[in-house]
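Worksheet for the structure shown next.
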Amino acid sequence: MKKIIYIWVLGLLGLMILVASCNKKLEENNPSGLTAATLITKAAGFETIVNAAYTYTRFWYGKEEGFSVSEMGTDIWTSGSGDVYPQLTQYNNLQGGNTASLNLLWNNFYAAINLCNIGIANVANVSDYTATQKATREGELRFLRAFYYWHIAETWGGVHFTTQPTSGVSTTANRTPVDTIYNQIFADLKFAVANLPVTTTDYGRITVPVAKAFLARMDLYRGKNAEACALANDVIKNYGFSLLPKFSDLWDMTKLKNKEIVWAIDYSTNLANNDLTTTSYPNGHSRGSNNSHLLFLMVYDQVNTSCLIRDIPNGRPFNRYMPTRALLNLFDDANDSRYSGSFQTVWYANKAAGSFKIGDTVVYCPKATIPVAQQSTKYTTYDYAKVYAANGAPIQNKFYVSLSKFKDPTRSSIAEAQSARDVFVIRLAEMYLIAAEAKYYLNDADSAAYFINQVRTRAALPGHTAQMQITPSQVNVDFILDERAREFCGEQIRWFDLKRTGKLISRINAMNPDAAKYVQPYHLLRPIPQTQLDAVTNKTVFKQNPGYN
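Using the numbering used here, you'd call the opening residue of the sequence shown number 13 and step up by one each time.
Printed below as a string of structure tokens:
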């Protein structure tokens, strides 16, 4: 899918020609030779539409704005000292006009949907596609439209919905029920399942198992539990996927393309291909590469600047987010490899100074409170007592256990903000946990425990498999959410998990004191961007979501 980036400008030029409503002569060079007619009716042009439709995933996945909406404001994360969207993290004065990330995501999701609508409406007219090629490309576009509409419906609720291409300027927006949007999501995904190929040689494209996996997720969201379980089990058994033997291998930069990944956003190893500096992208924004490696790291380079300086292996610390104490307490680190496979707790000297030699411990962040008398007098300890108050609220938010699974030691310099790391949107572990949750709702706790234990067996430290097994009596919604937190923390799904299970408010109140001060039931929807409300002329119909001023 790396070729998507190369041809985006050509696709954009063609679309500009297609939707232009003025009579001005464009003084633009068109080196591709594409025109509006060839863009729609010839394969070479139409490919730019399909490829460009994929690129909008990169505004959400691996990006700070997407993390702020999908992981923050939950039970497992709170603000680090560098958080630039605290309204989303803590619900403190969250409004439609004070969070730029919502504007970015809204604008680009709707741009993506319009692109999908254009392609779907015109794919039948591509003269040099075979019938199979037409079905495949339409399947991809329908999947992507469903994918983008899911993000919109769950984030903002029953907002604007259309399946028709829009050209020129539209000044009205509709309010469509979420059920109607989901009906279209299901129709599009079923079309994708029926028409896509089973495999692809173009990594990152949608295939049958990808569509089935996402459809299983959608079934779970809408209470279609038998269907969700059947589809998840189908993906588990029939398409050659398997859990990696070691959880930590998932985050190894040399092992990103592996048999556990059902679908990933494929970021280019050539960072120049990832549009960091483009100025021609719609809405005036560029995308760049994956920046998840920046966001969860504490400022280790401020602990002892004489012997611990910023380097590539430890990462560039933006310290946007820190784990809640409750998240850390979910891990049984004596038996579960996912704690050490997900978090960094020790930083070592990378410069000799004073009594410190290279490799000596400089800072330690244990998942516990250590009596002061037992703490080292040489290195700095940030135990629970120095990080969290008795109720779990952070005392300070600069030095803490850091999520390390997204770190990228292959970056070229300490200042490099981009990463070539792929973003895993769906991996096989989710299919096991979808099947488990669906079975629990179907009153089959035995099967639910079986599916959960498949994930926990892989997570077990060597020799600790037995300790990681659970019994059917332990399965309930909260245990499933705990397990999903252990498995997927940071992977841009948590807010939706909590909303789907009806646990967003209660678990924030129990586990995240920062957000508990402000969260209200109306926060189950995000505020519509004020710029959108200001732009429409039918303001009596298209209003702000309830609860937001």
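All C-beta atoms, glycine included, are put in the ideal place defined by N, C-alpha and C.
- Contact between L454 and A238 is confirmed by a C-beta separation of about 7 angstroms, below the 8 angstroms threshold.
- Rounded to whole angstroms, the Cβ separation of N63 and A147 is 17 angstroms, and the two are not in contact under 8 angstroms.
- P421 and P329 do not touch by the CB rule: their CB atoms are close to 14 angstroms apart, not below 8 angstroms.
- Boundaries around T469 are those of the alpha helix (DSSP H), A457 to A471, since no beta strand (DSSP E) includes it.
- In this structure, DSSP gives T148 a helical state, which the three-state scheme calls helix.
- The segment 478-539 is shown to contain whole alpha helix (DSSP H) runs of 4 or more residues at 489-500, 506-512, 516-523 and 525-528, in chain order.
- The residue among E166, G109, A56 and G74 with its C-alpha nearest the C-alpha of D509 is E166.
- Look at I277 here: in three-state DSSP terms it is strand.
- Ranking N119, V315 and L283 by CA distance to the CA of S301 puts L283 first.
- For L339, the closest C-alpha among the options D490, W118, L127 and A450 is that of D490.
- Scanning G131, R234 and A228 for the CA closest to the CA of N245 turns up A228.
- In the structure shown, the three-state DSSP call for V311 is coil.
- With respect to the 8 angstroms criterion, T543 and N115 are classified as neighbours on the basis of their beta carbons.
- Looking at the backbone, the Cα of A276 and that of T219 are separated by about 12 angstroms.
- Residue pairing from DSSP places D348 in a beta bridge opposite A472.
- V358 is bridged by DSSP to Y376.
- In this structure, the straight-line span from the alpha carbon of Q99 to that of E77 is close to 12 angstroms.
- Only residues of its own chain outside the window of five on either side were considered, and among them M443 have a CB closer than 6 angstroms to the CB of I248, listed in chain order.
- By the Cβ rule, the segment 50-60 counts as touching the segment 133-152, because three or more pairs are nearer than 8 angstroms.
- By the Cβ test, the segment 530-541 is in contact with the segment 101-109, since at least three Cβ pairs between them sit closer than 8 angstroms.
- For F203, there is no enclosing beta strand (DSSP E); the enclosing alpha helix (DSSP H) covers residues V190 to N207.
- For the 8 angstroms CB-CB criterion, K417 and S354 form a contact.
- The count of Cβ pairs closer than 8 angstroms, one atom from the segment 179-193 and one from the segment 544-552, reaches three, so the stretches are in contact.
- The alpha-carbon separation between T144 and D200 amounts to approximately 17 angstroms.
- In this chain, the alpha helix (DSSP H) harbouring F121 covers A112 to N134.
- Counting the other Cβ atoms within 10 Å of the Cβ of K529 gives fewer than 16, which makes it exposed.
- Within the same chain, G78 come within 6 angstroms of W72 by CB-CB distance, once the 5 residues on both sides are set aside.
- Judged by DSSP in its simplified three-state form, I446 adopts helix.
- Of the candidates C377, F436 and S113, F436 places its Cα closest to the Cα of V222.
- Annotated three-state conformation of A240 is helix, per DSSP.
- Scanning its chain for C-beta atoms nearer than 8 angstroms, with the 5 sequence neighbours on each side dropped, one finds around S367 the residues K390, in chain order.
- Separation of F155 and A204 (C-alpha to C-alpha, rounded to the nearest whole angstrom) is 6 angstroms.
- The C-alpha of K511 lies about 12 angstroms from the C-alpha of G169.
- Collapsing the DSSP output to three states places S91 in a strand.
- By DSSP's assignment, T393 forms a beta bridge with Y376.
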